[in-house]
Structure formats: structure tokens, C-alpha cells
Amino acid sequence: MKAIQFTNKTAQKIYADYISRIKRTTATLNKTDREEILMELNSHIYEGMMHKTPSSEIESLVDVTEQLGAPEEILKPLIAQKKLEQATRSFNPKHIFKALVLNISSSVVYVFFALLYLTLFGFVFAIIEKIKNPEYVGLFFKNGNFHLLGTRNPANSEELGLTEVLGNWFIPVMILCIIVLYMVITLLLRLKRKK
Numbered sequence: 445m446k447a448i449q450f451t452n453k454t455a456q457k458i459y460a461d462y463i464s465r466i467k468r469t470t471a472t473l474n475k476t477d478r479e480e481i482l483m484e485l486n487s488h489i490y491e492g493m494m495h496k497t498p499s500s501e502i503e504s505l506v507d508v509t510e511q512l513g514a515p516e517e518i519l520k521p522l523i524a525q526k527k528l529e530q531a532t533r534s535f536n537p538k539h540i541f542k543a544l545v546l547n548i549s550s551s552v553v554y555v556f557f558a559l560l561y562l563t564l565f566g567f568v569f570a571i572i573e574k575i576k577n578p579e580y581v582g583l584f585f586k587n588g589n590f591h592l593l594g595t596r597n598p599a600n601s602e603e604l605g606l607t608e609v610l611g612n613w614f615i616p617v618m619i620l621c622i623i624v625l626y627m628v629i630t631l632l633l634r635l636k637r638k639k
């Protein structure tokens, strides 16, 4: 990006501050996205300055930047969208978490996706508990019907007539469920983003 040069030092300082705020606001994005946004806003400033009536550079620049708005506010939805694109391309949990946090304020649907991802941590917790207490964690059936997936109360489990059906297969099945659910949720998130 080529920086705009002003003859007035104060105008140059205002411009540099605005560009610095854009850079700070877009810092979580990848380099390509950051540069794209910076060039776009710089272009808006340049065009705005060209269409202003000859007055002081400071007044014109302040007017243009006020019309654009504060970078922290105007870029929030764009950054959330870019983070979501990055997350659904990479399947990286860190990017997905950041995208959800950024998007959670914009839609209730993203709250639902956040809850689905939190469900995955429940499966991880069940695996850890199965390692610690193998006889009290699993997929339990009672009289041939599903009763419980998770941890049973050791005090009254014998009188309930619960039978754990997966045994040593519980951990591999939970890992498979985590992988499949993670992929499905992320693909659904990708489809939601495309709408």
C-alpha cells in the first residue's frame, strides 16, 4: 500500500493514526486479508480527499475519516467474516474459536454452533473419566434400551440394572464421534457462512 502524503504535518499525523488503528484492528487476520482491507480503506481516503472542495487538508481528512467511521467499529463484521472463512478453510480449532467469539454477537445461530463445539469437550471429558474410572463411565443400557452416555453414580448403579455395552471400545468410539462431529459442525458452519 502506498501511503498518502499530506503537506500539512497535522493532517499527516491524523492519517497515520487512522492507518495505525486499521492495522491494530486487523492484526488477528492473515497478512493478505490485512493488506486487502488496508488498501481498500486507504483508497476510500484517497478518493474522498480528491472529491473534497479545496479547503484545509485537516478538515477534509477529518471529514473523510468521520464518514468512513472508526476502524474498530466498521471493521468488526468484516473481520468476523474473514476469521470465519479462515476457520472453515483450515478446520483449525483455534481459528474456529476466534471466529465464533467474533461472530457470536452478530447472530444467535453462532451461539448454537458454539454450543455444538462445546459438546465436543463433553466427549473429551468422558474419555478422561473412562481412563480414571472405567467401570463407572460408558454407554449404558437398561432392559435393552439406551439409558445413559457418560458417568453413572457408583452408589446406586447396581440396583438400577445398568449394563455398559461398549467396554474397551468406548474410547475409540468417542474419538471417532469427536472427529465426525467436528467435521460435520465445521462443514455446517461453512455452509452457513456461504448463505
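Under this note's numbering, read the sequence shown as residues 445 to 639, first letter to last.
Cβ coordinates follow ideal geometry from the N, Cα and C atoms, glycine included.
Just so we're clear, the structure is a prediction, and the values are computed from it rather than from any experiment.
For Leu528, the enclosing alpha helix (DSSP H) begins and ends at 520-534.
Across the set Gln525, Phe541, Pro616, Ile523, the C-alpha of Pro616 shows the shortest separation from the C-alpha of Val568. C-alpha of Leu633 to C-alpha of Leu620: approximately 20 Å in a straight line. For Lys586, the three-state secondary structure derived from DSSP is strand. With fewer than 16 other Cβ atoms inside 10 Å of its own Cβ, Met627 counts as exposed. In the three-state reduction of the DSSP assignment, Leu606 falls in the coil class, being assigned neither a helical nor a strand state. Judged by DSSP secondary structure, His488 falls within the alpha helix (DSSP H) whose first and last residues are 475-494. The beta-bridge partner set that DSSP reports for Leu592 consists of Phe584.
Between the beta-carbon of Phe557 and that of Leu544 there is about 6 Å, and that keeps the pair under the 8 Å contact cut.
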